[in-house]
Amino acid sequence: MRTADALAVLDAPPGAEVDPDDLVRAAMHWHFCPRTGSPFWLDRLDRLGFDPRTDVRTIADLRLFPQTVDDLRETAIEDLVPRGYDGTAEVVGVCESGGTTGSPKRVLYLADWLDREMTTAMRAMDERGYPRGVNWLSMGPSGPHDYFELTGQHARRRSGVRFAIDFDPRWVRLCLRQGCADEVDRYLEHVLAQVEDILRTQRVGAIQAPPPLLEQLARNDKLVKLVRDQVQVITWCGTSMDPNTRDLLKDEIFPGIGLWGLYGSTMALGAVFERPELDDGDCVFDPPSAFVTFEVVDPGTRDPVAVGETGQVVMHHLSKSALLPNNLERDMARRVAAPPGQVGHSVAGVQPVEAFSGVSVITGAY
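Residue numbering for the sequence shown follows the numbering used here, beginning at -4 and increasing consecutively.
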């Protein structure tokens, strides 16, 4: 495939129908051609044991790739930029994983990918009745987390501004590992005091928050009233939410306020809003596009499970800006029947695994 042909697929406008196997072949050509690939992938080509340009032809072939995202804990970010940008890549930011299972992994958000991601997000928000022209409050992590950048983008692209709190979920996790529950309680009180100050003094029409903080907020009558008085929609993300908690928040604590889940991963450079319809009481998440897809697999064999069965989530990211294939996530989920024509598996009942890479998983507040 000529480079121009590969670019035609990789640069398809958001919302355009893309043949998933054409996208796979284009991505393999782009990321493993010496002229266009990144140092990260070109340096690993001889160690893969296969040639992605000839052996990876379909979405199913992505299972040939080993788990490489752990290398992103120590990779220089300059090595992640594909050479094909010829020095014109616009870096929006460096984003880090949560550090749940060790030192954080780092990825780059390039402007062309962020525009694609935000176009998809804005369309999903329109379909779910998200307001425009209101300000947002981000109750999630600040600092190096993609949560911080993306909530700012959500607000600006809907003609609002983003208010943020200063919140470090890694400190919460560290305290829990060390058995310092009292310290966690004090820290979350500090976080919610920041939330109260913003809601009391500013106009806020949308909130984005991890479920543990929403649950803490729901126990505070003063904060609940502040939310009820002005907020029109709440997005939860970062960790899972069980159906009972969701129903309680939606029907009793915040009646009349939209409540929507957002599921994704820093290592997939993408997230997707829940379907409007539930499945057996659980939120369902469909892969956002052929560029970011999910699979539910048997943790032992890595083979896909049947619809209705539970397995571990694998995510693939294929774009011009990044290649992150066959990444085993720290989530278990039930595979749900996918809409016609969808690429990848739909997931429901997402929950963290108990241990990942030999490390106990403590989600904490994010």
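Think of the CB as a built atom: it goes at the ideal place given N, C-alpha and C, for glycine as much as any other residue. Small disclaimer: the values here were computed from a predicted structure and weren't measured.
Q.
Could you check whether M262 and L209 sit closer than 7 angstroms to each other, using their CB atoms as the reference points?
A. no
Q) What's the C-alpha gap between F351 and R223? A) With a pLDDT of only 49 at F351, under the threshold of 50, the placement of this residue in the model should not be trusted, and no figure is reported.
Q: Please report the Cβ distance between G200 and W231, rounded to the nearest whole angstrom; I am assuming they are in contact, meaning their Cβ atoms lie under 8 angstroms.
A: About 16 angstroms; that fails the 8 angstroms criterion.
Q) Excluding sequence positions up to five away, which residues of its chain have a Cβ less than 7 angstroms from the Cβ of P238? A) G276, D277
Q | Own chain residues within Cβ distance below 8 angstroms of W36, not counting five before or after | A | H26, F27, L318
(Q) Against chain B, does I160 count as a neighbour if the rule is that its beta carbon must be under 7 angstroms from one of theirs? (A) Among the chains of the structure shown, chain B does not appear; only one protein chain is present.
Q. From which residue to which residue does the alpha helix (DSSP H) around D81 run?
A. Neither: D81 is in no alpha helix (DSSP H) and is coded neither H nor E.
Q | Span of the alpha helix (DSSP H), counted from its first residue to its last, around C170 | A | 164 to 172
**Q.** Proximity of R330 and V302 at Cβ, strictly below 7 angstroms
**A.** yes
Q) W166: which of R157, A159, A176, F158 sits nearest, CA to CA? A) A176
Q.
Three Cβ pairs or more, each shorter than 8 angstroms: is that satisfied between the stretch 91 to 104 and the stretch 42 to 56?
A. no
(Q) When you compare the CB positions of P265 and V292, do they come within less than 7 angstroms of one another, or not? (A) At residue 265 the sequence reads Gly, which differs from the Pro that was named. No, the Cβ-Cβ distance between G265 and V292 is not below 7 angstroms.
Q: Going by CA-CA distance only, name the one from P8, H185, T31 that's closest to D362.
A: Nothing can be reported for residue 362, as the shown portion of the chain is limited to -4 through 361.
Q: To the nearest angstrom, report how far apart M(-4) and H340 are at their CA atoms.
A: Its pLDDT being 46, under 50, M(-4) is placed unreliably in this model, and the value from its coordinates should be taken loosely. Their backbone Cα atoms lie some 28 angstroms apart in a straight line.
Q.
Using only CA atoms, which one of Q197, E184, V228 lies nearest to L212?
A. E184
Q: Under the assumption that L194 contacts L221 (Cβ atoms under 8 angstroms), give the Cβ distance between them as a whole number of angstroms.
A: 4 angstroms
Q) CB of H312 to nearest heavy atom of the ligand MG: below 6 angstroms? A) With respect to small molecules bound, the structure shown includes none, and the ligand MG cannot be examined in it.
Q. Quick one: any contact between the stretch 140 to 154 and the stretch 115 to 125, if contact means 3 or more CB pairs under 8 angstroms?
A. yes
(Q) Could you pull the DSSP bridge partners for I229 from this structure? (A) I202, L254
Q) Mapping DSSP to helix, strand and coil, what is R101? A) strand
Q. Where does F289 land, buried or exposed, given buried means 16+ other C-beta within 10 angstroms?
A. buried
**Q.** Runs of alpha helix (DSSP H) lying entirely within the stretch 102 to 129, each at least 4 residues, in chain order
**A.** 106 to 122
Q. Relative to the alpha-carbon of F162, which residue among S154, Y142, Q173, G174 has its alpha-carbon at the smallest distance?
A. Y142
**Q.** D242, DSSP secondary structure in three states
**A.** helix
Q. Once you ignore the five residues that flank E85 on each side, which residues in its own chain have a CB closer than 8 angstroms to its CB?
A. L105, A106, D107
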